[in-house]
Every structure is written in C-alpha cells, then in structure tokens.
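Protein chains: 2
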Amino acid sequence: MAARAGKVTQRQIAELAGVSQAVVSLVLNGKANDATRIPDRTRERVEQVIAETGYTANAAARRLAGVGNKIVGVFTYEPAFPTGAQDFYTPLLAGIEAEAEQLGCDLLMFTSAPVRDGRRRLLHGNSRLRLADGCLLLGVRMDGDELGALQAEGFPFVAVGRRDVEGVPYVGLDYVAGAATLTGRVVEAGHAHLAYLHLEQAGESIVDRMRGVERGCASAPGIRLDTREVDEHAITADLLTGLRAGGVTAVVAETAAQAARVWEVATGLGWDVPRDLSVVVLADPPRAGSRLPDFTRLRPPRTRLGAESLRLLGRILDPADELPDRERRTLLDCEVVGGRTLAAPAHPAQR
Amino acid sequence: MAARAGKVTQRQIAELAGVSQAVVSLVLNGKANDATRIPDRTRERVEQVIAETGYTANAAARRLAGVGNKIVGVFTYEPAFPTGAQDFYTPLLAGIEAEAEQLGCDLLMFTSAPVRDGRRRLLHGNSRLRLADGCLLLGVRMDGDELGALQAEGFPFVAVGRRDVEGVPYVGLDYVAGAATLTGRVVEAGHAHLAYLHLEQAGESIVDRMRGVERGCASAPGIRLDTREVDEHAITADLLTGLRAGGVTAVVAETAAQAARVWEVATGLGWDVPRDLSVVVLADPPRAGSRLPDFTRLRPPRTRLGAESLRLLGRILDPADELPDRERRTLLDCEVVGGRTLAAPAHPAQR
DNA sequence: CTGAAAGCGCTTACAG
DNA sequence: CTGAAAGCGCTTACAG
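Respectively, the protein sequence lines represent chains A and B.
Note that the working numbering has the first sequence beginning at 710, numbered continuously upward.
Note that the working numbering has the second sequence beginning at 710, numbered continuously upward.
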C-alpha cells in the first residue's frame, strides 16, 4: 500500500487549530466537557477544522489504543457459497445487517477463513478477528477447540443457534417445541405411523428437531415412528413404497429439499398428497420452488434470529448493560404454518 | 472493552522462543529467508511456539504499521434494508463474497454509515473506512464530493456500476447495448409505437437504459416512443388505457416492479398479454413473483458484476499488477431472455 | 546472524 | 486550562 498523500492526522488538525494533539482527540471523543475543562471556544475551533479537513480518525489506531471499534465479526463455519446454503444464510444476514444499522456498527465478514480438515478456521495465523469488538458465529457445527480458545481469551462472541457448550452465549430456535407441535398436529390428524427423514445427526439443531419429533409422537399412545437418515438424493420410489407398505401414512421431513423430493417422488408414483401420504416439513421452502405445494411446515424466524443474535452481542459488549445469565441463552419460537399437505389418513390405522 | 487475559503477543512468543520480537515478526511474514539470514532452526523454533500458543497477529497493529490487511470495504449508498432493494443487492453480494473467498480477503460492510441529507455518508467522523485496503461502492447515485475526496486521498476504490466521473474505476453493465437489443426485438416483432416507463433520471444506469431504448427504436425508421416517468404505484388503468388509445402496442418497463404492475393492471382490464399489449422489462423479476408471467427481459449479470468489481479492486491493490487503463473501466453484457410477453401486435400499425 | 529502535495514529492518565 | 509522554502491537530499516 502506498502512503496516502492526502491523509489527515490529528497532529495536523492540532497544528491548524493551534492546540495539542491530545485536545483534538478529546474533542473528537466528546470528552471536551466540564471534566477536562476545555473551553467551548477551543472545542469549537477544533470542531471547525475537523469539519473543514474532512478528518476521520484512523480506526486501526483507535483499536490499537484500546477503544471499541463498533465492528462486529461474522464467521460462518460452512462456506456460504458453493452450496444451496444461500437460502439459509440470506435471511439470517438480512437480520444481522438490519440490526447492525440500528446499532450503528459495521460488519466484518470473515470470507477469507481457510479450510482445514474440511472445516473453515476462524483462528488462523492471519486472522482479522481481533479487529472486531466481538463476533457472531454461524454454522450447524462449530469447532469446540476454537470456542474454547475464544472463551479462554475472553473474546466476546455469540453463537447463532443453540450450543451444547458450557458458557457459550447463544440465540437459538426452539426446534424441540416447534417440531413437537407440528408432529403433534400430524398425530391429531389421525396418523398412527409416521416416518421422520433426517440428516446426519451432527449439530444441536439437528438433534433438537429429532427430539421434538419424538416428543410429538409421544403426545398420544401407541404412535409408531420410523426414522431414516437420508439426504434428498436417497429418497426414491422404493423408499416411499416401502414406508407406505409398512403402514406409514405421514412423512415428517427435516429439510425443505427432502420434502420437495418426497412430494416429487410420491406424485411420480401417482399418489395424491396429502390424501395418500401427508408430508410436513420442519423448515421453510426454498425460494425457487414455485412448482411445489404449500407445505404444512415449521417457520423458523431466521431473520429475527440474526437480529436477536447481534442484539445479544451488543448487550454483552456494552459495559453498562448488566445482562442476567438466563438472557445469555435464549430460544425463539417457531411458527407452524397450516399449508395443504397434511390431512387425515385415507385408511386410518387401528390403534 | 476489558483487557483480554489470554491475549498473546509477539513479545511473548519471542520470550518463549528465546529470540527477539523482530525475529518473530519476520518469521510470521515469511521473511525468514536468505535475505534476512535467519537460520532454519531458529525459524522452526519460532514456528513451533506460534503453533503451540495459537498466536494470531493483531490486525489493527499490522494495519497501523502500514501493511495491507486483505480487508475490502463494501459501502452501499442506498440503505440496503427497509426497501425491496434486497433483491437487488443479494446477487451482487453473493458475487462479492464468492470472489472474496477466492482472493482470501475479508469484507467490511459499512452498515453503520449515518444518513445525512437523505444520503448515507461514507466519510463521517468515525468511519472505519481506513481499516480497509480499498473499498467497493454500490448504489444508483453516489456522492461526487466523497468520490473526489477518496481520489484526492489516493484511497483505492471501485464503483460497482458505470460512473460518469473522471478517473473513477468501475465495472458496470452494458445497459445501452442491452436495452437497445431488447427494444430492437420489440421493433422487429412489428411494434411501431412503444412506451418506455422509467424512474427518475438520477444515476448513470438509468440514463444508459434510456439511451439504449432510444437507440433500439432508432433501429428502424418511423418508430414512435412515448416516455413516462412513473414509479409502479402511478401505473393505473387510466395510464395504460391512455397509452393504448394513443396507439401504443408495447411497453418497455425499466424495473421489474413496473412490469409486474403493468401486467396486473392490463390483466385487470381484461387484456391479454402479449396479444393486446406486449410488455418487456430491462431487469430480472423479483424473487417472490410466482404469479407473474415469464417476462421477455434483460438479464443483468449481477452476481458476475459483484465478482468482477472485487476482482478489479484486487488488481488495483496488487502492486505487481500493471493494470492497463482501459481495464480500469469495463462493462459486462446483459443477456436477453426470450420469455412470453412479447408478440406481434394484434393490429400492426401502418408505418 | 540478531537486537535495539523508530514509527504507524490514536487514547488516556499525568504533570504542570 | 493545556501539553508532554507512555503505550497499544506490529513492521522494517538499521546497527552491530
């Protein structure tokens, strides 16, 4: 980087205003008041020179001098781009950015994080992490070592999503309650044998959804639940035919992609959804899917999740805020959306 | 910000490794080579301590010491959130983030910029701008004074979108050519009287689209063009009826919102699009609109625009890259998408 | 081959 | 009321 010709510093401001550099700093930081006893006239003179020169403090220097930056880091454990993860992250980021505007802070997105052992690394040799006052951590799975290092160092951070790690502050989604409610609806509709299609059980949110589904099934006696770990590509006519032959009348899908695939395959088999098979899903549909039916589903408030996470971090960073312990970990409710893919089974099983 | 207990510095690394702090810095920056004649054994020892302690350089200090940060600022003149601007910015940001991953740089989003006189300000008292090595500027209209100040200061930046300001590097979209081609298609289809619905003429991209439409009309003799400055709310049955009564058989809309509104109003009037009225648009449809027809339209490559803009900034920042002047300002082609809202007029006007 | 030192621009006690 | 100075953690000539 070449030296910048036009760069203005506090020293220059001080010379122009005929004061010492320290006074410029005090004025700049609103500390030219009774305590420091800087006369109004001096303050005004300095302010005028600042306005004239368009001076802006060097944020790196401020930070180095130990002052908060109003910069919040945003780190994503899963690379946000190649994948369809965009539908996932976009609403989250929208919420984060909106809240950042509210808080008046800037967002440092750690897009540079190198991948090692298949995971992105937050703490690498050249990490710009310490430029931020604190950090938001996103991702289904997080590195326990890194969380520990951050905690040990006292670096303020908030996990977006519930974390099973002692002392980690988070804002999460109440998937247990949400999945239980939605599954309960399926049971209430008269289904006695459900299948749950889920992803690999990695990460708290996936475990929570599973627990919620189980709890929903337990809301009535004698409900059977088949669980299958399948990503959407593994959802075939054979699978669905098998499930139905076994007595399954309703499918609970963890992801929108799975639900979409179930619907496509079922429709391809000539089945009617929901008459022949009810399908509910624990997530919002992908944005593309105009062909897809209006699924009965859970609506996780992702935008709010983003906003609330940043708000929590803001409170943690605010020394004046005495945050009660229980507010360091909160869960947001998921709404159940009616949709059109849940109905009573055509041939109710006898319980 | 409380002092961080666990914070490791180069001095501590130096003590542990039994070398001076300067040597740690040299090792860290890959300058422990023949030129500095630091023995391999010393380097290895330092490297090991670094690995053990999980040391990470303080980016603020590095920056202050004059070293590049691999941080690129992203500033948006229009607030990105309250509005429907999200559809606009999302693909752009997707491209920027993808390229940032490629380049290994982080992105500092200036979400804090205060609004003054209805515009967001990049250069305000507390701007974190100088933390970045360079900056990407987004927005339909930009502040000329700020562009000037940035140039005067030699702060590297790239405008996303064509700019009519001397010396400002940009990557833009070739709206002139794109709009001319699409409008030419309308003319080729037999329309002799078109209406162009556009926004207030502020900003180069809006001017360019207008010029392109005019050029497209000039591709055949005797074509009439009515232009109307209307945002979508001002598109009423009266307006369309008036246009059609005047002989207009095709509408070119600047924005997707306008096109959607034209289609809704026309349909409400019992008209068939495109039989009774052809509608083409110079932008991509909003993501929500599953009800809307498949518009004949221009597809501005926004994701690529984002990526190419950052790539250009990366080249400007790279001292080894001798960027030819003409590559400092480039335009990307817009694709024409066939769609189903352009047809020959039912009653071709006689020319 | 290695260490001592200046300097980046700022904030904040501290001494007049 | 104001200035001189230490210190934040780093990079990079420079002197041994």
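Just so you know, even glycine gets a beta-carbon here, dropped at the ideal spot from N, CA and C.
Counted within 10 angstroms of its Cβ, other Cβ atoms place residue i as buried (16 or more) or exposed
i: residue 1060 of chain B; result: Here residue 1060 of chain B scores only 42 on pLDDT, less than 50, and its place in the model is too uncertain to base an answer on.
i: residue 731 of chain B; result: exposed
i: residue 1023 of chain A; result: buried
i: residue 792 of chain B; result: For residue 792 of chain B, the predicted structure reports a pLDDT of 47, less than 50, and the residue's modelled location is therefore unreliable. A value from the coordinates is still provided. With fewer than 16 Cβ atoms within 10 Å of its Cβ, residue 792 of chain B is classed as exposed.
i: residue 874 of chain B; result: exposed
i: residue 946 of chain B; result: exposed
i: residue 1031 of chain B; result: exposed
i: residue 733 of chain B; result: buried
i: residue 1044 of chain A; result: exposed
i: residue 967 of chain B; result: buried
i: residue 727 of chain B; result: exposed
i: residue 761 of chain A; result: exposed
i: residue 804 of chain B; result: buried
i: residue 736 of chain B; result: buried
i: residue 719 of chain B; result: buried
i: residue 1083 of chain B; result: Here chain B has residues from 710 to 1060 only, and residue 1083 of chain B is not among them.
i: residue 865 of chain A; result: buried
i: residue 1011 of chain B; result: buried
i: residue 800 of chain A; result: buried
i: residue 1013 of chain B; result: buried
i: residue 978 of chain A; result: exposed
CB contact below 8 angstroms: residue i versus chain A
i: residue 718 of chain B; result: no
i: residue 740 of chain B; result: no
i: residue 1020 of chain B; result: no
i: residue 941 of chain B; result: no
i: residue 973 of chain B; result: no
i: residue 792 of chain B; result: Any answer about residue 792 of chain B is weak, because its pLDDT of 47 lies below 50 and its placement is not dependable; what the coordinates show is given next. Answer no: the Cβ-Cβ gap between residue 792 of chain B and chain A never drops below 8 angstroms.
i: residue 674 of chain B; result: Since the first residue of chain B shown is 710 and the last is 1060, residue 674 of chain B is not available in this structure.
i: residue 814 of chain B; result: yes
i: residue 762 of chain B; result: no
i: residue 944 of chain B; result: no
Nearest neighbour of residue i, chosen from the options [CA to CA]
i: residue 918 of chain B; options: B/888, B/905, B/938; result: B/888
i: residue 929 of chain A; options: A/906, A/902, A/950, A/948; result: A/902
i: residue 763 of chain A; options: A/802, A/721, A/779; result: A/721
i: residue 847 of chain A; options: A/824, A/871, A/859; result: A/871
i: residue 836 of chain B; options: B/819, B/824, B/843; result: B/819
i: residue 843 of chain B; options: B/771, B/1044, B/1049, B/814; result: B/814
i: residue 816 of chain A; options: A/980, A/782, A/833, A/825; result: A/782
i: residue 1138 of chain A; options: A/910, A/810, A/916, A/892; result: Absent from the model: residue 1138 of chain A. The displayed extent of chain A is 710 to 1060, so no value can be given.
i: residue 1036 of chain B; options: B/1048, B/716, B/881, B/886; result: B/881
i: residue 962 of chain B; options: B/752, B/804, B/922, B/772; result: B/922
i: residue 785 of chain B; options: A/810, A/777, A/785; result: A/810
i: residue 771 of chain B; options: B/978, B/927, B/738, B/830; result: B/738
i: residue 911 of chain B; options: B/862, B/853, B/756; result: B/853
i: residue 1033 of chain A; options: A/1042, A/1021, A/1041; result: A/1021
i: residue 755 of chain B; options: B/744, B/767, B/740; result: B/740
Closer than 8 angstroms to chain B by CB, residue i
i: residue 797 of chain A; result: no
i: residue 722 of chain A; result: no
i: residue 1046 of chain A; result: no
i: residue 1012 of chain A; result: no
i: residue 914 of chain A; result: no
i: residue 923 of chain A; result: no
Proximity below 8 angstroms, CB of residue i to CB of residue j
i: residue 896 of chain B; j: residue 944 of chain B; result: no
i: residue 914 of chain B; j: residue 849 of chain B; result: yes
i: residue 840 of chain A; j: residue 769 of chain B; result: yes
i: residue 885 of chain B; j: residue 937 of chain B; result: no
i: residue 975 of chain A; j: residue 948 of chain A; result: no
i: residue 773 of chain B; j: residue 773 of chain A; result: yes
Cβ-based neighbour list, residue i, same chain, cut-off 7 angstroms, excluding 5 preceding and 5 following
i: residue 1001 of chain B; result: 969, 972, 994
i: residue 729 of chain B; result: 723
i: residue 877 of chain A; result: 856, 868
i: residue 965 of chain A; result: 990, 992, 993, 994, 995
i: residue 807 of chain A; result: 1016
i: residue 942 of chain A; result: none
i: residue 1027 of chain B; result: none
i: residue 1038 of chain A; result: 878, 879
Own chain residues within Cβ distance below 8 angstroms of residue i, not counting five before or after
i: residue 987 of chain B; result: 895, 898, 900, 958, 959, 960, 1005, 1050, 1051, 1052, 1054
i: residue 935 of chain B; result: 902, 903, 904, 905, 952, 955, 957
i: residue 714 of chain A; result: Annotation note: pLDDT 39 at residue 714 of chain A (below 50); position unreliable, no value reported.
Contacts around residue i, its chain only, beta-carbon distance under 6 angstroms, and the 5 residues preceding and following it disregarded
i: residue 1046 of chain A; result: 1006, 1008
i: residue 983 of chain B; result: 1050, 1051, 1052
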